[in-house]
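Engineer:
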Amino acid sequence: MPEYLSPGVHIDEIEPGPRPIEGVPTSTAGCLGETARGPLEPRLITGFEEFKRIYGGYLSVDISTLPFAVEGFFMNGGRRMLVARIAAADAVAALGDHDGTLRLSAIGPGDWGNRIAVKIEPGSLQIAGQPATHFKLTAMCWDVAPPTDPPIDPTAAEHVTNSDRREPTLLEIYDNLVADPDSVDFYERRLNGSSSLLRAQRLAPGVPQPLALVMLASLGNAGANGSAVTVLDYRGRELPPLPDSTAYKTGLQGFAQIDEIAILIAPAHHVIPNLTTEIIAHCTLLRDRFAILHSAPGTDTLANITAIRPPQDTAFAAFYFPWINVFNPLIDQDSLVPPSGHIAGIYAKTDVERGVFKAPVNEIVVGARSLEFQINNQQQDILNAHGVNCVRLFPSRGILVWGARTASSNSQWRYISVRRLLLFLGESIDEGTQWVVFEPNDERLWARVKQAITQFLGSQWRSGALMGATQQEAFFVTIDRTTMTQDDIDNGRLICLIGVAPLKPKEFVMFRLARLKDGSEITEF
């Protein structure tokens with residue numbers, strides 16, 4: 010209670026009712042895999058052009074199909090994706106020191122850093138003849154090594170028409186940087202907060218001296234890819250602290266720190282031994298995200314259709330077959346890639362347009378030009394019973410996702426929409442009731458919690474997420490002495506029992522036709 014120590018009018022702010030529970034986002038995807046370049050800590054991207062700026066463009070499908078998965082996600086309606094680049098633990102980042110004051114390193118490990126060039130010159134605010142206070146740093150990177158070393162400076166006016174000049178893939182210019190750590194233009198703060206190529210570290214006070222365009226690796230150590238990635242690299246590890254002392258984690262460990270992820274894909278899960286198990290365990294442990302798995306080409310074929318099954322019995326993943334052909338600009342023809350990225354985009358679009366309770370099915374796979382295999386009804390009869398969701402070509406409609414089942418054999422969790430709806434409800438209630446912790450555990454608190462959850466579930470029922478003509482038919486919330494013993498209360502436990510009636514997709518639609526005979530009898534056929 011507030012204290013009133015002097016006479017007069019006192020105004021207090023109170024909460025008239027329960028704190029509202031907001032639904033958590035369900036359309037944010039997480040994608041793990043190898044990229045051409047980029048940082049190892051997860052980064053949020055909102056479009057394929059942004060992905061190319063940070064992580065580079067397409068790779069050979071024999072190396073990584075992740076860029077095609079990211080492109081397919083955004084083509085099919087996805088809006089937000091967190092990308093976790095995977096690299097071997099022994100991979101090395103290119104690094105170079107200059108003038109004893111400045112250390113520059115590639116933002117991530119790999120030999121791609123050997124194609125970074127840097128240049129330092131006076132800043133545009135620097136007064137000629139005065140002591141150096143501002144400088145300009147130019148960084149550039151080529152997907153393919155430049156024709157000369159050192160490269161011909163593409164930003165220099167005298168080289169505009171030079172035939173050996175090659176435009177870099179990415180060019181970054183940071184003007185008027187300063188060496189003062191307290192300034193907003195301090196070079197560590199400016200570069201480390203925005204560069205897609207470099208990180209900067211202050212080695213000693215002072216403004217770095219001018220530097221002609223030079224390859225970063227020639228200033229210090231060359232970058233290297235290291236050994237082939239393994240499931241341990243996908244599992245993740247803690248990275249060394251950055252110059253500002255921030256510590257990040259990679260892979261699935263990095264994703265575990267991000268609550269917003271609701272859809273998880275790894276285009277190479279069929280290649281890396283035990284990665285599928287790690288992904289499913291990750292989703293099962295966190296209980297706030299759902300994995301999209303796909304078949305293995307060459308192993309899962311129509312010739313052994315009866316053996317095609319999800320790799321593991323789980324309600325936290327769905328399994329799709331077959332792969333799809335998409336246009337590959339690297340070879341100017343189609344390439345076979347897994348469908349998981351495109352399907353993740355359909356998940357995200359369906360969540361935004363309809364809701365997480367709507368099954369992500371009967372939707373066109375945008376960007377798919379053809380299929381690895383053509384599947385007919387009789388073949389899908391077998392696959393559907395095994396929990397395999399098909400991607401099918403319908404001549405009059407296009408290539409569609411034609412399956413809505415999880416990889417679980419438990420009929421309670423048969424459908425993707427049911428599993429994801431319960432994940433959404435559970436995470437929303439969990440995040441929306443954190444204020445309850447350490448509150449006095451009595452009837453007044455129970456009433457407030459019940460009212461908050463009832464209002465939230467009521468809004469979900471009105472939006473069409475729950476089955477029932479009335480709220481009483483759609484859900485119930487019980488929190489009283491029937492859900493808690495005195496021992497529970499004495500030990501600080503508040504137990505609430507919630508029941509919901511989720512909608513299930515109409516997987517089989519049957520019309521029974523009848524012919525009227527003589528206006529009175531019905532003959533079925």
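Letter by letter, the sequence shown follows residues 10 to 534 in this note's numbering. All residues carry an ideal CB built from backbone N, CA and C; glycine is no exception.
Pick out the complete beta strand (DSSP E) segments inside the stretch 355-415, 3 residues or longer, and give them in chain order.
Structural biologist: 397-403, 407-411
Engineer: Looking at the unbroken alpha helix (DSSP H) that takes in proline 76, where does it start and where does it end?
Structural biologist: First-last of the alpha helix (DSSP H) with proline 76: 75-84.
Engineer: Would you grab the beta carbon distance between glutamate 372 and valine 410 for me? Rounded to a whole angstrom, and I think it's under 8 angstroms.
Structural biologist: 5 angstroms between Cβ atoms; contact.
Engineer: Figure out for me which residue from Arg198, Arg175, Gln388 has the closest Cα to the Cα of alanine 312.
Structural biologist: Gln388
Engineer: Checking 7 angstroms against the spacing of the C-beta atoms, do leucine 261 and glycine 245 come in under that value?
Structural biologist: yes
Engineer: Suppose the cutoff is 6 angstroms on Cβ atoms and the five residues either side in sequence are ignored; what does the same chain contact list for leucine 14 look like?
Structural biologist: Result list for leucine 14: empty, nothing under 6 angstroms.
Engineer: With DSSP as the reference, please indicate the residues paired to asparagine 334 in a beta bridge.
Structural biologist: Leu345, Ser379
Engineer: Use the C-beta contact count for glycine 39: other C-beta atoms within 10 angstroms, 16 or more gives buried, fewer gives exposed.
Structural biologist: Buried, since its Cβ has 16 or more Cβ neighbours within 10 Å.
Engineer: Write down every uninterrupted run of the beta strand (DSSP E) in the stretch 470-516 whose length is 3 residues or greater and which is fully enclosed by it, in chain order.
Structural biologist: 484-487, 506-509
Engineer: Measuring straight from C-alpha to C-alpha, what distance separates aspartate 322 and serine 417?
Structural biologist: 5 angstroms
Engineer: Within its chain, find whatever has a CB closer than 7 angstroms to the CB of leucine 402; leave out the 5 residues flanking it on each side and keep chain order.
Structural biologist: Leu380, Gln383, Ile408
Engineer: From leucine 454 to glutamate 448, what distance separates their C-alpha atoms?
Structural biologist: 7 angstroms
Engineer: Could you tell me which residues DSSP pairs with histidine 303 in its beta bridges?
Structural biologist: Note: histidine 303 sits in a beta bridge opposite Tyr329.
Engineer: Note down, in chain order, each residue of its chain lying with its Cβ closer than 7 angstroms to the Cβ of leucine 200, except the 5 sequence neighbours on either side.
Structural biologist: Same-chain partners within the cutoff: Tyr183, Leu207, Arg208, Ala209.
Engineer: Who are serine 36's beta bridge partners in DSSP?
Structural biologist: Bridge partners of serine 36: none, in fact.
Engineer: According to the neighbour-count rule (16 or more other Cβ atoms, all chains shown, within 10 Å of its Cβ), is leucine 65 buried or exposed?
Structural biologist: Contrary to the premise, residue 65 reads as glycine rather than leucine in this sequence. Looking at its Cβ environment, which holds 16 or more other Cβ atoms inside 10 Å, glycine 65 is buried.
Engineer: What ranges does the beta strand (DSSP E) occupy inside the stretch 116-189, keeping only unbroken runs of at least 3 residues that lie completely in it?
Structural biologist: 125-131, 144-150, 179-186
Engineer: Could you give the distance in angstroms between the alpha-carbon of isoleucine 531 and the alpha-carbon of threonine 492?
Structural biologist: At isoleucine 531 the pLDDT is 47, less than 50, meaning the model places this residue with poor confidence; the figure from the coordinates comes in the next sentence. Computed Cα separation, rounded: 54 angstroms.
Engineer: Out of Asn419, Ile95, Lys145, which one is the CA nearest neighbour of glycine 396?
Structural biologist: Asn419
Engineer: Got a sec, what are the start and stop residues for the beta strand (DSSP E) arginine 94 sits in?
Structural biologist: 90-94
Engineer: Pairing CB atoms from the stretch 67-79 with CB atoms from the stretch 468-477, are three or more of them under 8 angstroms?
Structural biologist: no
Engineer: Determine the contact status of glutamate 436 and valine 33, defining contact as a CB-CB distance below 7 angstroms.
Structural biologist: With a cutoff of 7 angstroms on beta-carbon distance, glutamate 436 and valine 33 are scored as near each other.
Engineer: Pull up the CB-CB distance for alanine 461 and threonine 487, whole angstroms please, since I reckon it's below 8 angstroms.
Structural biologist: In fact, because the Cβ distance is near 14 angstroms, the residues do not count as touching under 8 angstroms.
Engineer: Compute the distance between the beta-carbons of leucine 41 and alanine 275, then report whether it is under 7 angstroms.
Structural biologist: yes
Engineer: Is the stretch 76-93 touching the stretch 41-58 in the sense that three or more CB pairs, one from each, lie closer than 8 angstroms?
Structural biologist: yes
Engineer: Can you give the Cα-Cα distance for proline 514 and serine 114, rounded to whole angstroms?
Structural biologist: Straight-line Cα distance between these residues: approximately 52 angstroms.
Engineer: Enumerate in chain order the residues of its own chain whose CB-to-CB distance from serine 133 is below 8 angstroms, with the five nearest sequence positions on each side excluded.
Structural biologist: His143, Lys145, Asp184, Asn185
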